[in-house]
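Protein chains in written order, with the working numbering: chain A, 1 to 155; chain B, 156 to 310.
Think of the CB as a built atom: it goes at the ideal place given N, C-alpha and C, for glycine as much as any other residue.
All remarks here apply to the structure that follows.
Number of protein chains: 2
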Amino acid sequence: MAAEVKDAREEREVWSAYLVQHGLKRSEQREAILEVFLRTENHLSVEDLLQLVQKRRPDVGRTTVYRTLKLLSAAGLARELHLDGETRFERDWNREHHDHFICRACGDIFEFKSDEIEKLQEEIAERIGFAIDGHRHHIYGLCRRCQAKAAASRR
Amino acid sequence: MAAEVKDAREEREVWSAYLVQHGLKRSEQREAILEVFLRTENHLSVEDLLQLVQKRRPDVGRTTVYRTLKLLSAAGLARELHLDGETRFERDWNREHHDHFICRACGDIFEFKSDEIEKLQEEIAERIGFAIDGHRHHIYGLCRRCQAKAAASRR
DNA sequence: TTACGTGCAAATACTTTGCAGTTCC
DNA sequence: GGAACTGCAAAGTATTTGCACGTAA
């Protein structure tokens, strides 16, 4: 859809600006990693990203992926998630804040957002004088599909 | 308070039962680790726990702490938390479910609980046919004290 | 007695860092 | 030309496992 294309363009601009502002250079590896990161479904582990990038450019090293993900995060393009100890990255530019459902069977991740929950959080924080600057709300369980599978195999 | 003492007694019973049911043995190291774990404020890292245990018994090894924490978790006495990548353990027997505020400055952790938030979670899950079996809700920011400190040093 | 528990050292997994050679500007 | 970038190998963390020895039941 058009929005995606536009978003990606904006993200590339942010990236360029970030590089310039920090006296950093462009490189083919970084471009390749950025491309894959922007084009791919979310919630990638470092290993996932490395595999995908290496399909195009087998010479890109794991180290560079780590380093580039750091930069993408610093530039506000990526966001790091810690799911039960697993580290993953998702796109974070111009994206509404959201949280995650994680299926324990297939690992699929579903995003959700609730203004009501955020408001309640804020109220509780006020009561104890806590100034919120971010949060992670991860809900674990079984997705619809895996529930069906489980039910089927039980018969 | 009385409730604490009673809880700890109950936890020791659960522990004993767990050992028996699984054909495991009592040991001085395990007892020492359990004691410290039960007596201490929550949210310990493995390293924290090791240090505390070694004050009493310098011969207890890190490996045993890891192994005992696994057992305590399996017995339902401990719960593992992943705070922004950091692994910590808290008591989990007879404790109401709760979530956490984490101060980014001093690292202090405050617990909270909200039936309303849980209910909203449940509603959202229903909408996408997701069967919740647990969640982690971590809120980051500054605690009252650290806000005051920050304000003071800004002058 | 015998299966379980322990600490150490080694192995694993994940991530960062030092370095020598390469590339961008 | 010089600073930044890269991949590799080495070094760090965090955690688990193999093993020979010790200990509870």
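Under DSSP, the beta strand (DSSP E) around residue i begins and ends at which residues?
{"i": "ARG88(A)", "result": "86-91"}
{"i": "ARG136(A)", "result": "131-142"}
Which chain A residues are close to residue i, counting only those with a beta carbon under 9 Å from its beta carbon?
{"i": "CYS298(B)", "result": "ILE128, GLY129, PHE130, ALA131"}
{"i": "ASP239(B)", "result": "GLU80, HIS82, ARG136"}
{"i": "PHE192(B)", "result": "Here the premise fails: no neighbours, minimum Cβ distance about 20 Å."}
At 7 Å on the CB atoms, spell out the chain B contacts of residue i, in chain order.
{"i": "LEU120(A)", "result": "SER269, GLU271, ILE272"}
{"i": "ILE124(A)", "result": "PHE267, SER269"}
Using a C-beta to C-beta distance shorter than 9 Å, which residues of chain B count as neighbours of residue i?
{"i": "PHE110(A)", "result": "ILE283, PHE285"}
Rank the options by C-alpha distance to the C-alpha of residue i and give the top, closest one.
{"i": "GLU143(A)", "options": "GLU123(A), GLY129(A), LYS113(A), ASP108(A)", "result": "The displayed chain sequence assigns Cys, not Glu, to residue 143(A). Looking at the Cα atoms, ASP108(A) is the closest of the given residues."}
{"i": "GLU281(B)", "options": "ILE139(A), LEU38(A), GLY129(A)", "result": "ILE139(A)"}
{"i": "ASP92(A)", "options": "PHE101(A), PRO58(A), VAL36(A), ALA78(A)", "result": "ALA78(A)"}
{"i": "TRP15(A)", "options": "LEU83(A), ALA75(A), THR64(A)", "result": "ALA75(A)"}
{"i": "PHE101(A)", "options": "HIS137(A), ARG67(A), GLU116(A), ALA151(A)", "result": "HIS137(A)"}
{"i": "ARG194(B)", "options": "LYS180(B), GLU241(B), GLU245(B)", "result": "GLU245(B)"}
{"i": "HIS97(A)", "options": "ARG12(A), LYS70(A), GLY134(A)", "result": "GLY134(A)"}
{"i": "ALA305(B)", "options": "ARG259(B), GLU235(B), TYR221(B)", "result": "ARG259(B)"}
{"i": "GLU190(B)", "options": "LEU204(B), ARG222(B), HIS198(B)", "result": "LEU204(B)"}
{"i": "PHE37(A)", "options": "GLN147(A), LYS70(A), HIS22(A)", "result": "LYS70(A)"}
{"i": "HIS198(B)", "options": "THR242(B), VAL220(B), ARG164(B), ILE283(B)", "result": "THR242(B)"}
{"i": "LEU238(B)", "options": "GLY296(B), GLY284(B), SER308(B)", "result": "GLY296(B)"}
{"i": "ILE33(A)", "options": "GLY23(A), VAL65(A), ARG12(A)", "result": "VAL65(A)"}
{"i": "GLU235(B)", "options": "ARG300(B), VAL201(B), ARG309(B)", "result": "VAL201(B)"}
{"i": "ASP99(A)", "options": "ILE117(A), ALA8(A), ILE132(A)", "result": "ILE117(A)"}
Considering just the uninterrupted stretch of the alpha helix (DSSP H) at residue i, what are its terminal residues?
{"i": "ARG259(B)", "result": "Looking at the DSSP string, ARG259(B) is not in any alpha helix (DSSP H), and its letter there is neither H nor E."}
{"i": "ARG127(A)", "result": "115-128"}
For residue i, go through chain A and note every residue whose CB falls closer than 8 Å to its CB, in chain order.
{"i": "GLN302(B)", "result": "GLY129, ALA131"}
{"i": "ARG259(B)", "result": "ASP133"}
{"i": "THR242(B)", "result": "GLY85"}
Since residue i meets chain A, which of its residues come closer than 7 Å, beta carbon to beta carbon?
{"i": "TYR295(B)", "result": "ASP133, GLY134, HIS135"}
Check whether the Cβ of residue i lies closer than 7 Å to any heavy atom of the ligand NAD, and answer yes or no.
{"i": "GLU202(B)", "result": "For the structure depicted, the ligand NAD is absent and the ligand set is empty, with no information on it obtainable."}
Item to check | Contiguous alpha helix (DSSP H) assignments of at least 4 residues, all confined to the segment 20-92 of chain A | outcome: 28-39, 46-56, 62-74
Checklist entry - Is the segment 57-67 of chain A in contact with the segment 27-38 of chain A, if contact means three or more CB pairs nearer than 8 Å? => result yes
Item to check | Inter-stretch contact at 8 Å, needing at least 3 Cβ pairs: the segment 111-124 of chain A / the segment 258-276 of chain B | outcome: yes
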